[in-house]
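For the sequence shown, UniProt numbering gives the first residue as 1, with consecutive numbering after it. Virtual Cβ for every residue (Gly too), placed ideally from N, Cα, C. It should be emphasised that the depicted structure is a prediction, and the values quoted were computed from it without experimental measurement.
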Amino acid sequence: MSAKKVLVVGGTGYLGQHLLQGFSEIQATTPFALAFTYNSFPPQPLLLAFPTSFAFHVDLKTGLGFDSISQQFGQPDVVVNCAALSVPRACENDPDAAISINVPSSLVNWLSSFAQSDNTLLIHLSTDQVYEGVKSFYKEEDEALPVNVYGKSKVAAEQFISEKWSNFAILRSSIIFGPQTVSPVPKSLPIQWIDGVLSKGDKVEFFYDEYRCPVYVKDVVAIIRTLIDKWLSEGKKMQLLLNVGGPDRVSRVQMAEAVAQIRGYDSSLIKPVSASSVDRGVKSPADISMDITKLVQKLNICPTPFKDGVKLTLAAEASM
1 MSAKKVLVVG
11 GTGYLGQHLL
21 QGFSEIQATT
31 PFALAFTYNS
41 FPPQPLLLAF
51 PTSFAFHVDL
61 KTGLGFDSIS
71 QQFGQPDVVV
81 NCAALSVPRA
91 CENDPDAAIS
101 INVPSSLVNW
111 LSSFAQSDNT
121 LLIHLSTDQV
131 YEGVKSFYKE
141 EDEALPVNVY
151 GKSKVAAEQF
161 ISEKWSNFAI
171 LRSSIIFGPQ
181 TVSPVPKSLP
191 IQWIDGVLSK
201 GDKVEFFYDE
211 YRCPVYVKDV
221 VAIIRTLIDK
231 WLSEGKKMQL
241 LLNVGGPDRV
251 SRVQMAEAVA
261 QIRGYDSSLI
271 KPVSASSVDR
281 GVKSPADISM
291 DITKLVQKLN
301 ICPTPFKDGV
311 KLTLAAEASM
């Protein structure tokens with residue numbers, strides 16, 4: 001059997017790099033032909049780390065670069081779209097850019113150009129920010145009423161994919177946390193940031209009234225791998241929408257407390273404040289915790305409890 005072709009769109013990002021690592025670790029048992037796209041960050045460190053993978057420069061706004069994938073790599077069996085303008089404030093400041101990057105129109109148009117286009121499974125990363133944030137444990141069938149441009153652009157992307165593509169899985173992900181990547185990403189990582197500020201011994205403010213279900217990055221990789229295996233073994237089209245969060249609903253204060261407890265920091269350094277006391281230049285939903293029953297039942301995966309994920313993250317950082 002020839003190796004299945006997997007294309008990771010946004011391969012130099014945080015999840016993208018962890019996916020490349022996850023796929024390269026299973027090459028002995030399940031060979032995949034791997035390719036990834038990049039835009040602003042050079043792919044050299046990743047090509048050194050994953051020498052059998054292909055890198056393609058692609059501009060998602062215009063679709064420039066997709067043709068060279070067709071010529072050199074061919075039609076992918078699976079596309080995992082991790083590319084996004086995901087900083088809510090940046091989306092608020094430039095709604096046009098948010099829509100042009102976050103709604104994958106150039107990607108879907110390119111996939112449609114293949115004769116047997118629906119043979120490709122599209123796994124698309126969405127966000128918990130599609131929910132309004134006025135209750136706990138949202139289910140997939142709850143109405144998506146985002147409060148900011150980022151959430152609105154991701155809802156538009158979900159609608160676009162479900163209308164224009166017949167073989168997809170949309171993953172509404174919460175905050176993804178875990179170890180740093182092979183080629184360190186420029187954005188600050190949540191657990192590492194908390195660890196860094198608390199280690200200085202200064203008092204730091206954290207929101208006590210903003211709730212999320214942070215998910216450990218290696219669980220997200222396992223979920224994507226499981227979806228691909230399921231699709232390959234069953235051989236039928238997929239049309240799936242899943243909440244992808246961890247099992248724990250935590251506030252920013254509780255996230256900081258977990259780090260302090262594991263590291264032995266003084267918990268009085270954590271100063272609880274209301275999210276409404278800070279102007280972040282963008283509206284942020286208060287409680288977008290998610291019910292992950294469907295994820296657990298469909299894929300038989302039980303995501304890592306938050307505290308365990310924090311321990312794994314800090315242990316990995318210590319060994320780097």
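One or two residues paired with residue i in a DSSP bridge
i: L122; result: V79 and F168
i: N243; result: R172
i: M238; result: Answer by DSSP bridge pairing: none, since M238 is not bridged.
Residue span of the alpha helix (DSSP H) that contains residue i, given as start and end
i: A84; result: Per DSSP, A84 belongs to no alpha helix (DSSP H) and is neither H nor E.
i: L295; result: T293 to L299
i: E205; result: That residue, E205, is in no alpha helix (DSSP H); its beta strand (DSSP E) goes V204 to F207.
i: A258; result: R252 to R263
i: P104; result: From DSSP, P104 is part of no alpha helix (DSSP H); its letter is neither H nor E.
i: I194; result: P190 to S199
i: D308; result: F306 to S319
i: V217; result: V217 to E234
i: Q72; result: F66 to Q72
Where the beta strand (DSSP E) through residue i begins and ends
i: P272; result: I270 to V273
i: Q180; result: Taken as a continuous stretch (DSSP letters only), Q180 belongs to no beta strand (DSSP E), as it is neither H nor E.
i: A55; result: F54 to H57
Beta-carbon separation (whole angstroms), residue i vs residue j, contact threshold 8 Å
i: V78; j: I228; result: 5 Å
i: P272; j: Y208; result: 4 Å
i: Q159; j: P146; result: Q159 to P146, Cβ: 12 Å. No contact.
i: G281; j: E92; result: 6 Å
i: L241; j: E140; result: 5 Å
i: V58; j: T37; result: 4 Å
i: V217; j: F177; result: 7 Å
i: V215; j: P303; result: 6 Å
i: L269; j: V204; result: 6 Å
i: I224; j: V134; result: About 30 Å separates the two Cβ atoms, so there is no contact after all.
i: R263; j: D195; result: 6 Å
i: A98; j: S153; result: 4 Å
i: R212; j: S289; result: 6 Å
Neighbour flag for residue i against chain C, beta carbons, 8 Å
i: I161; result: Although the question refers to chain C, the structure presented lacks it and comprises just one protein chain.
Enumerated in chain order, which unbroken segments of the beta strand (DSSP E) with a length of 3 residues or greater are wholly contained in the stretch 6 to 45?
-> Qualifying beta strand (DSSP E) stretches, in chain order: 32 to 38.
Validate contact between the stretch 164 to 181 and the stretch 11 to 27 using beta carbons, cut 8 Å, 3 pairs | yes
Cβ contact (3+ pairs, closer than 8 Å) linking the stretch 109 to 119 and the stretch 74 to 94 = yes
Is it a yes or a no for the stretch 120 to 140 touching the stretch 159 to 176, going by three-plus beta-carbon pairs under 8 Å?
-> yes
How about the stretch 45 to 57 and the stretch 244 to 260: do they share at least three Cβ pairs that are nearer than 8 Å?
-> no
Would you mind listing the alpha helix (DSSP H) stretches within the stretch 124 to 168 that are 4+ residues and don't spill past its ends, in chain order?
-> 149 to 164
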